[in-house]
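Going by the UniProt record's numbering, the first residue of the sequence shown is number 1, and it counts up by one from there.
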Amino acid sequence: MIYPTSSVSKELEFSSNISKGASGMKARRVQEWLTFHKVPTAIDGEFGDATKACVHVFQQNNGLAQSGVVNRNTWDALVLPLRTAVEATVPAGTALDQAVRQIAQAHLDEEPRELGGDNRGPWVRAYCGEDGPAMRWCAGFVTYILKQACHFTGKPMPVQGSLSCDSLAYQAKANKRFIPGKAVQNGSSPWSSLGNCQIFLVRKSSTDWTHTGFAFGGNKNVFSTIEGNTNDEGSANGYEVCQRTRSLDAKKDFIYLA
Numbered sequence: 001m002i003y004p005t006s007s008v009s010k011e012l013e014f015s016s017n018i019s020k021g022a023s024g025m026k027a028r029r030v031q032e033w034l035t036f037h038k039v040p041t042a043i044d045g046e047f048g049d050a051t052k053a054c055v056h057v058f059q060q061n062n063g064l065a066q067s068g069v070v071n072r073n074t075w076d077a078l079v080l081p082l083r084t085a086v087e088a089t090v091p092a093g094t095a096l097d098q099a100v101r102q103i104a105q106a107h108l109d110e111e112p113r114e115l116g117g118d119n120r121g122p123w124v125r126a127y128c129g130e131d132g133p134a135m136r137w138c139a140g141f142v143t144y145i146l147k148q149a150c151h152f153t154g155k156p157m158p159v160q161g162s163l164s165c166d167s168l169a170y171q172a173k174a175n176k177r178f179i180p181g182k183a184v185q186n187g188s189s190p191w192s193s194l195g196n197c198q199i200f201l202v203r204k205s206s207t208d209w210t211h212t213g214f215a216f217g218g219n220k221n222v223f224s225t226i227e228g229n230t231n232d233e234g235s236a237n238g239y240e241v242c243q244r245t246r247s248l249d250a251k252k253d254f255i256y257l258a
């Protein structure tokens with residue numbers, strides 16, 4: 001399988017068995033995925049007795065040989081949610097905005113979230129290429145979904161993509177795809193003209209946007225979203241991918257995808 005970014009291939013890669021005594025990123029990835037699958041252990045990059053015991057539990061839960069060693073079969077079971085999300089595709093001929101919405105939903109269904117600390121874990125690295133406290137990944141999530149949709153539909157990217165909300169806004173303006181929220185509010189760009197799915201941007205000032213995600217199903221008052229690096233409260237630095245309902249107000253702008 002060829003993926004739209006090398007970061008995903010790296011997260012799914014298996015090169016050799018991982019067992020007690022392993023350390024560094026290989027051990028950390030195992031611990032992250034164990035925690036994701038509700039078999040939590042310390043995510044410290046040291047594969048010790050606790051991690052081995054958790055691998056046993058995971059293997060038992062998934063009908064695998066209980067060796068305590070992460071072999072190819074165990075690894076594939078650990079990373080299956082990410083593989084399922086990044087291999088989601090759509091029927092030939094699907095319009096790009098519809099493809100984006102369906103693929104975003106496929107990711108949402110796998111419940112992506114941070115693991116091992118603020119803005120950390122395999123989902124963040126898959127979307128952004130790296131992780132860490134400064135890696136606010138909402139724009140990375142949007143960009144990856146766009147790349148996946150374009151990769152599988154053969155359509156060109158509507159905007160170049162970025163890890164920065166500001167860059168997404170400026171790219172949309174340059175490509176004549178930027179729609180001010182007030183235009184949607186006053187009806188000069190009604191929801192019916194925006195297609196099946198759009199990118200929304202939360203604006204702090206005329207030159208600063210602080211959060212982004214996908215919007216759909218809107219009217220003059222509210223719209224539905226699928227967005228990353230948020231939570232049930234709608235934080236711009238949350239910890240998961242969520243579906244939310246947001247109000248349409250003067251601080252929301254949009255990027256046209258259809």
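Think of the CB as a built atom: it goes at the ideal place given N, C-alpha and C, for glycine as much as any other residue.
- Between D166 and W209 a beta carbon distance of about 6 Å is seen, short of the 8 Å cut, so the two are scored as contacting.
- For the pair of segments examined, the segment 49-61 was found to touch the segment 8-26: the number of CB pairs separated by less than 8 Å reaches three.
- For the segment 91-129, the full-length alpha helix (DSSP H) segments reaching 4 residues or more read 96-109 and 122-128 along the chain.
- With distances taken between CA atoms, A250 lies nearest to N221 out of A99, R72 and N221.
- Within its own chain, the residues whose Cβ lies closer than 7 Å to the Cβ of C242, once the five positions on either side in sequence are excluded, are E227, T230, N231 and D232, listed in chain order.
- Cβ-Cβ distances below 6 Å link P4 to K147, Q148 and H151 in the same chain, with the five nearest sequence neighbours on each side left out; the list follows chain order.
- With respect to the C-alpha of L80, the residue from L248, T153 and E13 having the closest C-alpha is E13.
- Around the beta carbon of T212, a 10 Å sphere encloses 16 or more other beta carbons of the protein chains shown; the residue is thus reported as buried.
- Counting only runs that start and end inside the segment 47-98, the alpha helix (DSSP H) elements of at least 4 residues fall at 49-61, 72-78 and 80-86.
- Linking R244 to G217 through their CA atoms gives a straight-line distance of about 11 Å.
- The distance from the Cβ of V159 to that of R177 is about 7 Å, consistent with a contact at the 8 Å cut-off.
- DSSP places D253 in the uninterrupted beta strand (DSSP E) bounded by K252 to Y256.
- Contact between M25 and G45 holds: CB atoms are separated by about 7 Å, below the 8 Å threshold.
- For H211, the enclosing beta strand (DSSP E) begins and ends at D208 to F216.
- With a 10 Å radius around the Cβ and a threshold of 16 neighbouring Cβ atoms, G68 comes out buried.
- DSSP places F152 in the helix class (H, G or I) of the three-state scheme.
- Counting every other CB atom within 10 Å of its CB across the protein chains shown gives A174 a total below 16, marking it as exposed.
- For C165, the uninterrupted alpha helix (DSSP H) run begins and ends at C165 to A174, by DSSP.
- In its chain, beyond the 5 residues on either side, D97 and G195 have a beta carbon closer than 6 Å to the beta carbon of A258.
- In the DSSP annotation of this structure, the continuous segment of the alpha helix (DSSP H) that includes F36 starts and ends at M25 to F36.
- With contacts defined by Cβ atoms closer than 7 Å, I179 and F58 do not form a contacting pair.
- When DSSP states are grouped into helix, strand and coil, F14 belongs to the coil group.
- In the three-state DSSP reduction, I145 falls in the helix class (H, G or I).
- Around the beta carbon of K252, a 10 Å sphere encloses 16 or more other beta carbons of the protein chains shown; the residue is thus reported as buried.
- Each residue's CA atom was taken as its position, placing C138 and C197 some 16 Å apart.
- Taking 8 Å as the upper bound for CB-CB distance, T35 and L108 are not in contact here, some 20 Å apart.
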